Amino acid sequence: MEFKEIKAKDFKDMVLAGRQRLEEQSEYVNSLNVFPVPDGDTGTNMNLTFTSGAKSVRESTADHVGQLTKALSKGLLMGARGNSGVILSQLFRGFSKSVEELNTLNAKQLAQAFQSGVDSAYNAVMKPVEGTVLTVARESASAGIERSEQTDDIIEVMRAVLDEAKASLKRTPELLEVLKEVGVVDSGGQGLVYVYEGFLSSLTGEAPVVTEDDEISLEELVQAEHHRNGVHDSVNSEDIEFGYCTEIMVRVGEGETVEETFDYETFRNYLNDLGDSLLVVADDEIIKVHVHTERPGEVMNYGQRFGSLIKIKVDNMREQHSELSGAEKKTAPDLSKSQHTKKPKETAIIAIAAGEGLKGLFESLGVDYVLTGGQTMNPSTEDIVEAMNQAPAKSYIILPNNKNIFMAAEQACEVIDVPAKVVETKTIQQGFSALLGYIETQSLDENVAAMTEEISFITSGQITNAVRDTEINGVSIKKDDFLGIIDGEIKVSHADRLESLIRTIQQMVDDDSEIITLFFGEAVSEKEAVDVLERLEDIFDAYEIETHRGDQPVYPYLISVE
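Take 1 as the starting number for the sequence shown in the UniProt record's numbering and just add one per residue.
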């Protein structure tokens, strides 16, 4: 049986099947991490990203494929996490642009949409690397174009796309030496293959029917990830100041209740006074609101002044908290009332970090808002936008402190309606160093340049544990060894944590080094911290040694040498 036309319901089913297939295999995608360290989160990031897009598609009432692709694109854009998630969002952003005016899709239009997605993704990446998800997307799209010139059967075109995606994935180790050395295929490419598998299974009728009850919510997925990474809620129910988590979606200009023309600043400022954890995302058609408030009815009434309500969701967080003792914190930042009364400053600095100690250190150095996240917990574009919304300013500087957050941070800068720039800090240590270049009276561009220059003055080191046996860059690694990583490269592997730390520092210092700074992670006891400092002072007596309690997960020690 031939399949000649994708209608709105067909496309929605494809997206839901793709999401389900990716979710089923996300842990396997995580396991393809090149480095044998506990930060394999490509599968998690792609899964959370695509779940955000699928949620937007599922909630859409559109009976038009082009409109559904726009919903998918918006959901992916705001939900994008990690570089793999951002690239996935760009693939379907280009896909959407290609077909946004089409009510249905034929085989040629589907193939061209995949190609347009590839063009968009390559344009979004500053230095595209072959042997990655980009290669898999490009070669599979070409196969789809070629097949669409031979048949008008959509299933055959989608099968050609999938078959070439699998073949391209197998070739990725031939293009990237590090993949060949470790013996894995590209994790992002594998994630894309699973999405395409879901698409094809939906078209052929082989995919299980996904009902709304079967669909795990994005919030549940995020909470599960926070649970996996040890993020817990220590707030008592009675301490929750604004008890109702309220979400509405407004279709702008529609309905009999419209009284005002929508203005983003006016709208957001009004809601700012009703509670906290406010997020407003809007375009010409839809306003999406999330806020914690004591007056959910007033939020709904205010939304109706600008259009019709097409989604309403209100949860009593006090009841939820009482029922779910020890529940995880929401991804959205929890903010005090005083933060909402600040007048906008010229420039606000947003830093991303995990660990109460690191958070306090960043705040003491003038950071306006510290967004919880980092290794294994990459925040989404929407999370970063919300963090900026909660620190009122005329411009923003973002310190991602992790290279896997760069692209989501850049997307957040594009979404926000004020000037914002990313200082590309790859580590927490670089984030602290960058702050030394910030001068309040300088312009945004001047500060970004000065802060970027400061990064070059330090060497960053990390100690973590190996999650599997392997050999990389000539270093033989055994599972559970402690690894010393210097500026992104594994240099040391040893069974003893302190010995690994000492050997790593020995490779970091040189004749020009003066200061060694150590940040103790949550796994390091106070006794161990004292013993480590004494040992280091004996060995590295020619250097000044500073220590701080960072409380960071994943890395028992973070090291900075300058």
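Note that beta-carbon positions come from the ideal geometry of N, C-alpha and C, so glycine has one too.
All values reported here derive from a predicted model rather than from experimental measurement.
Below 8 Å, how does it come out for the segment 303-311 and the segment 246-254: are there three or more Cβ pairs, yes or no? Judged by Cβ distances under 8 Å, the segment 303-311 makes contact with the segment 246-254, as three or more pairs qualify.
Using three-state DSSP, classify glutamate 546 as helix, strand or coil. Counted from its first residue, the sequence shown places residue 546 at position 546. Reduced to three states, the DSSP call for glutamate 546 is strand.
Do alanine 165 and serine 140 come within 8 Å of each other at the CB atom, strictly closer than that value? Along the sequence shown, one-based indexing puts residue 140 at 140. Along the sequence shown, one-based indexing puts residue 165 at 165. For the pair serine 140 and alanine 165, the CB atoms are nearer than the 8 Å cut-off.
Measuring CA to CA, which of Asn33, Ile463, Asp487 is closest to phenylalanine 457? For the purposes of this step, residue 457 is taken as the residue at position 457 of the sequence shown. Out of Asn33, Ile463, Asp487, Asp487 has the C-alpha closest to the C-alpha of phenylalanine 457.
Would you say valine 29 faces chain D, with C-beta separation under 8 Å as the test? As a matter of chain content, chain D is missing from the structure shown, which is built from one protein chain.
Applying the criterion that 16 or more other CB atoms from any shown protein chain within 10 Å of the CB defines a buried residue, is isoleucine 515 buried or exposed? Within the sequence shown, numbered from 1, the residue matching residue 515 stands at position 515. Label assigned to isoleucine 515: exposed.
Terminal residues of the beta strand (DSSP E) in which arginine 251 lies: Working through the sequence shown from its first residue, we reach residue 251 at position 251. 244-252 is the span of the beta strand (DSSP E), which, as asked, contains arginine 251.
With a threshold of 16 other CB atoms inside 10 Å of the CB of methionine 388, please say whether the residue is buried or exposed. Numbered from its first residue, the sequence shown carries residue 388 at position 388. That one is buried.
Taking the straight line between their C-alpha atoms, what separation do you get for lysine 491 and phenylalanine 482? Start at 1 with the first residue of the sequence shown, and residue 491 comes out as number 491. Start at 1 with the first residue of the sequence shown, and residue 482 comes out as number 482. Looking at the two C-alpha atoms, the distance is approximately 11 Å.
Taking the alpha-carbon positions, what's the glutamate 225 to aspartate 41 distance? Stepping through the sequence shown from its first residue, residue 225 is reached at position 225. Stepping through the sequence shown from its first residue, residue 41 is reached at position 41. In this prediction, glutamate 225 has a pLDDT of 49, which is less than 50 and means its spatial position is unreliable; what the coordinates show is noted afterwards. Within the model, the alpha-carbon separation for glutamate 225 versus aspartate 41 is close to 10 Å.
Buried or exposed: which applies to glutamate 197, given that a residue is buried once 16 or more other Cβ atoms fall within 10 Å of its Cβ? Reading the sequence shown from its first residue, position 197 is the one you call residue 197. The residue in question, glutamate 197, is buried, as its Cβ has 16 or more Cβ neighbours within 10 Å.
Could you give the distance in angstroms between the alpha-carbon of lysine 7 and the alpha-carbon of alanine 62? Numbered from its first residue, the sequence shown carries residue 7 at position 7. Numbered from its first residue, the sequence shown carries residue 62 at position 62. About 11 Å.
Jot down the residue ranges of each uninterrupted alpha helix (DSSP H) in the segment 475-508, minimum 4 residues, whole runs only, in chain order. If we require 4 residues or more, the alpha helix (DSSP H) runs fully inside the segment 475-508 come out as 497-508.
Let me know the secondary structure DSSP gives alanine 353 once reduced to three states. Sequence index remark: in the sequence shown, residue 353 carries index 353 (1-based). In the structure shown, alanine 353 sits in a strand (DSSP, three-state: E or B).
When you compare the CB positions of glycine 484 and serine 460, do they come within less than 8 Å of one another, or not? As a first step, residue 484 must be located in the sequence shown, where it is residue number 484. As a first step, residue 460 must be located in the sequence shown, where it is residue number 460. The answer is no: Cβ separation not under 8 Å.
May I have a chain-ordered list of the alpha helix (DSSP H) segments no shorter than 4 residues that lie completely inside the segment 94-162? DSSP runs (the alpha helix (DSSP H)) wholly in the segment 94-162: 107-124, 133-148.
Select from Phe50, Ile545, Leu498, Ser26 the residue whose C-alpha is nearest the C-alpha of arginine 93. For this step, residue 93 is matched to residue 93 along the sequence shown. Ranking Phe50, Ile545, Leu498, Ser26 by Cα distance to arginine 93 puts Phe50 first.
With 16 other CB atoms within 10 Å as the buried threshold, where does asparagine 473 fall? Numbered from 1 along the sequence shown, position 473 holds the residue referred to as residue 473. Per the 10 Å Cβ criterion, exposed.
Fully enclosed by the segment 419-470, which alpha helix (DSSP H) runs are 4 residues long or longer? For the segment 419-470, whole alpha helix (DSSP H) runs of length 4 or above, ordered along the chain, are 428-435, 444-455.
Can you tell me where the alpha helix (DSSP H) with aspartate 315 in it begins and where it stops? Translated into positions along the sequence shown, residue 315 becomes position 315. Looking at the DSSP string, aspartate 315 is not in any alpha helix (DSSP H); the run it does join, the beta strand (DSSP E), is 307-316.
One or two residues paired with tyrosine 396 in a DSSP bridge: Position 396 of the sequence shown, counted from the start, is the residue given in the question as residue 396. Answer by DSSP bridge pairing, in chain order: Ala348, Ala420.
Lysine 345: which of Gly360, Leu371, Tyr396 sits nearest, CA to CA? Position 345 of the sequence shown, counting from 1, holds the residue named residue 345. Closest by alpha carbon: Tyr396.
CB-CB under 7 Å to arginine 295, same chain, minus the five flanking residues each way: which ones, in chain order? As a working mapping, residue 295 is identified with position 295 in the sequence shown. Annotation for arginine 295: Leu274 place their beta carbon closer than 7 Å to its own, counting only its chain and skipping 5 residues before and after.
From what residue to what residue does the alpha helix (DSSP H) around valine 16 run? Counting from 1 along the sequence shown, the entry for residue 16 is found at position 16. The residue you asked about is not valine; residue 16 is leucine in the sequence shown. Unbroken alpha helix (DSSP H) run through leucine 16: 8-24.
Would you mind stating whether glycine 43 and valine 57 have Cβ atoms separated by less than 8 Å? As a first step, residue 43 is located in the sequence shown; it is residue number 43 there, counting from the start. As a first step, residue 57 is located in the sequence shown; it is residue number 57 there, counting from the start. The answer is no: Cβ separation not under 8 Å.
Length of the line joining the Cα atoms of isoleucine 439 and glutamate 446: Here residue 439 corresponds to residue number 439 of the sequence shown, with the count starting at 1. Here residue 446 corresponds to residue number 446 of the sequence shown, with the count starting at 1. So the two alpha carbons sit approximately 9 Å from each other.
Relative to the alpha-carbon of glutamate 386, which residue among Val370, Ala137, Gly85, Gln375 has its alpha-carbon at the smallest distance? Here the question's residue 386 lines up with position 386 in the sequence shown. When the alpha-carbon of glutamate 386 is set against those of Val370, Ala137, Gly85, Gln375, the nearest one is in Val370.
For glycine 79, does the count of other Cβ atoms within 10 angstroms reach 16, so buried, or fall short, so exposed? The residue labelled residue 79 in the question sits at position 79 within the sequence shown. Buried, by the Cβ-count rule.
Are the Cβ atoms of threonine 464 and valine 554 separated by less than 8 Å? Here residue 464 refers to the residue found at position 464 of the sequence shown. Here residue 554 refers to the residue found at position 554 of the sequence shown. Yes.
Short Cβ contact (8 Å threshold) for isoleucine 352 with glycine 373: Your numbering for residue 352 matches position 352 in the sequence shown. Your numbering for residue 373 matches position 373 in the sequence shown. The answer is yes: Cβ separation under 8 Å.
Residue(s) in a DSSP beta bridge with tyrosine 555: Residue numbering aside, residue 555 sits at position 555 when the sequence shown is read from its first letter. For tyrosine 555, which the question treats as bridged, DSSP gives no partner whatsoever.
Put threonine 61 into one of helix, strand or coil per three-state DSSP. On the sequence shown, position 61 is the one that residue 61 refers to. Coil.
Smallest Cα separation from residue 576: which of Asp417, Ala434, Gln20? As displayed, the chain neither begins before 1 nor continues past 562, which places residue 576 out of reach and without an answer.
Taking the CB atoms as reference points, tell me whether residue 572 and glutamine 411 lie closer together than 8 Å. Look at the range of the chain in this structure, 1 to 562, and you will see that residue 572 is not part of it.
Could you tell me the alpha carbon to alpha carbon distance between glycine 366 and glycine 437, rounded to whole angstroms? Locating residue 366 in the sequence shown gives position 366, where the first residue counts as 1. Locating residue 437 in the sequence shown gives position 437, where the first residue counts as 1. In a straight line, the C-alpha of glycine 366 is about 12 Å away from that of glycine 437.
Since leucine 533 is in the alpha helix (DSSP H), which residue starts that stretch and which ends it? For the purposes of this step, residue 533 is taken as residue 533 along the sequence shown, with counting starting at 1. Its alpha helix (DSSP H) spans residues 526-539.
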